[in-house]
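Colleague: Just dropping this structure here.
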Amino acid sequence: MTVAATRTTTAKLLSHPLNAWYVAGWDHEITARGILARTVAGRPLALYRTEDGRATALADACWHRLAPLSQGKLVGRDGIQCPYHGLVYNSAGRCMSMPAQETLNPSATVASYPVVERHRYVWVWLGDPTLADPALVPDMHQMDSPEWAGDGETIHAPCNYQLVLDNLMDLTHEEFVHSSSIGQEELSESEFETTHDGSTVTVTRWMRNIDAPPFWLKNMRDRFPGFEGKVDRWQIIHYTFPSTICIDVGVAAAGTGAPEGDRSQGVNGYVMNTITPETERSSHYFWAFMRNYRLESQLITTQLRDGVHGVFGEDEAMLQAQQAAIDANPDHEFYNLNIDAGGMWVRRLLERALEAEGRPAAAAAAADSARSVPAGA
């Protein structure tokens, strides 16, 4: 594969679209017994459940003196009480009670945001509520399908969300960052294909007749005890606007038909990733590893979760260092190689969405002036 270097099509650090669904938390994090404070796309939220179990997202600032509602308490069927002067709001954000007076000021409201529960997550829409179509929630059906088993965690990533997306759209970094687990030189040597439409980008890579790296050799032996030999390995990266990336990964005994669609002699997993911008320099990174074999084994579920946790810890350290370098070199332009084609299309989709909202693409600095696309895109 030839290598071509071009300038980026957008700013190094992107702002976040608001007309989009972002994960605010795992479903089990948001309860009727307490209030979860979490900042999503620059908006502090107070998240809780009403008595009937409905997840609610309110702006985390009382109308009266902006005290954080998340420090208050839940009252009645669906109310939340300000910890400072006791004003009570319902789940629609309207004030229902003011201490020491019977007349309620009609302007006493806080923002209430559309919420959808799907795929073990609570999603929130911070933009125009009339556009909040639940059908736009990214497909992550493996998270709650009986045909898949697995678990995941949350990383508080100290970097702009775009850097996490860049990391996931180009997995050749595994050869260098994750050399002891999933990395191998064939990642950089293999060909790949990039396709895209108005809201998705897909990068497909096959590595045929190779040695399985340690992580995948263990998984093969979990299903096929004593497995030896070469494998065919695949990575199919599926991005969905604005910031969800589900990666179809696995290996199968070489020559048994996996590239043609028969994965029966292999092991298949999905790395589920959805990244929620917190601020321009931090992100909530929700992930899980799901598999479609040995579904009954909690041991394998725990081992896979812990193994991926270690891999992502290496990514987190690199992303933190990259963010620090970007901040220290604000005038340095990004350049791109062929391997960046998928990530560059993601950046284009995000930039178009920001333009449609009338918002600048750059999160913190002027956007790069060059407007070229990397070779292979």
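Position 154, counted from 1, in the sequence shown is what the UniProt record's numbering calls 154; the numbers after and before it change by one each time, with no gaps.
Note that CB positions come from ideal geometry on N, CA and C, so glycine has one too.
Computed from a predicted model, the values in this text were never measured in an experiment.
1. Assuming contact is defined by CB atoms lying nearer than 9 Å, are T56 and Y48 in contact in what I supplied?
2. If you count every other CB in all the chains shown that lies within 10 Å of the CB of N209, and 16 or more means buried, which is it?
3. Relative to the C-alpha of A317, which residue among P99, L58, I155 and L87 is closest?
4. Which residues in the same chain as E280 place their Cβ atom closer than 7 Å to its Cβ, once the five residues preceding and following it in sequence are excluded?
5. For S199, is the classification buried or exposed, using 16 other Cβ atoms within 10 angstroms of its Cβ as the cut-off for buried?
6. Could you give the distance in angstroms between the alpha-carbon of Y113 and the alpha-carbon of D248?
7. Can you tell which of L58, Q71, D139 and E278 has the C-alpha that lies nearest to the C-alpha of V109?
8. Tell me the start and end of each unbroken beta strand (DSSP E) in the segment 268-295 that is at least 3 residues and wholly inside, in chain order.
9. Specify whether the segment 142-151 and the segment 286-303 touch according to this definition: at least 3 beta carbon pairs, one from each stretch, less than 8 Å apart.
10. Measuring alpha carbon to alpha carbon, tell me which residue in S243, I300, P99 and N219 is nearest M169.
11. Taking the alpha carbon of D197 as the point to measure from, which residue in A361, P68 and G342 has its own alpha carbon closest?
12. Mapping DSSP to helix, strand and coil, what is F215?
13. Less than 7 Å between C-beta atoms, sequence neighbours within five positions excluded: which residues of the same chain meet that for Y84?
14. Using the Cβ count rule (16 or more neighbours within 10 Å means buried), how would you classify H16?
15. Nearest by alpha-carbon distance to P214: which of G34, T204 and G250 is it?
16. Using a Cβ-Cβ cutoff of less than 8 Å, which residues in the same chain neighbour L87 once the five nearest sequence positions on both sides are dropped?
17. Could you have a look at E193 and say whether DSSP puts it in helix, strand or coil?
Modeller: In short, the structure shows the following:
1. For the purposes of this step, residue 56 is identified with residue 56 of the sequence shown, where counting begins at 1. For the purposes of this step, residue 48 is identified with residue 48 of the sequence shown, where counting begins at 1. Against a cut-off of 9 Å, the Cβ pair of Y48 and T56 comes out as a contact.
2. Position 209 of the sequence shown, counted from the start, is the residue given in the question as residue 209. Exposed, since its Cβ has fewer than 16 Cβ neighbours within 10 Å.
3. As a position in the sequence shown, residue 317 is number 317, starting the count at 1. Nearest C-alpha to A317: I155.
4. Position 280 of the sequence shown, counting from 1, holds the residue named residue 280. Cβ within range, chain order: L13, N160, A363 and A364.
5. Locating residue 199 in the sequence shown gives position 199, counting from the first residue. It is exposed - the Cβ of S199 has fewer than 16 other Cβ atoms within 10 Å.
6. For the purposes of this step, residue 113 is identified with residue 113 of the sequence shown, where counting begins at 1. For the purposes of this step, residue 248 is identified with residue 248 of the sequence shown, where counting begins at 1. Going by the C-alpha atoms only, they are around 32 Å apart.
7. The count along the sequence shown starts at 1 and reaches residue 109 at position 109. For the sequence presented, residue 109 should be read as Thr rather than Val. Per the Cα distances, L58.
8. 282-291
9. These segments touch.
10. Numbered from 1 along the sequence shown, position 169 holds the residue referred to as residue 169. It is S243 whose Cα lies nearest to the Cα of M169.
11. Mapped onto the sequence shown, residue 197 falls at position 197. When each option's Cα is compared against that of D197, the closest is G342.
12. For the purposes of this step, residue 215 is identified with residue 215 of the sequence shown, where counting begins at 1. Reduced to three states, the DSSP call for F215 is helix.
13. Reading the sequence shown from its first residue, position 84 is the one you call residue 84. Around Y84: C62, R65 and A67.
14. Sequence index remark: in the sequence shown, residue 16 carries index 16 (1-based). So H16 ends up on the buried side.
15. The residue given as residue 214 occupies position 214 in the sequence shown. Here the closest residue by C-alpha is G250.
16. Position 87 of the sequence shown holds residue 87. Cβ neighbours of L87 beyond the five flanking positions: C62, W63, H64, Q81, C95, S97, M98, P99 and A108.
17. Taking the sequence shown and counting its residues from 1, the one referred to as residue 193 is at position 193. It is a strand residue.
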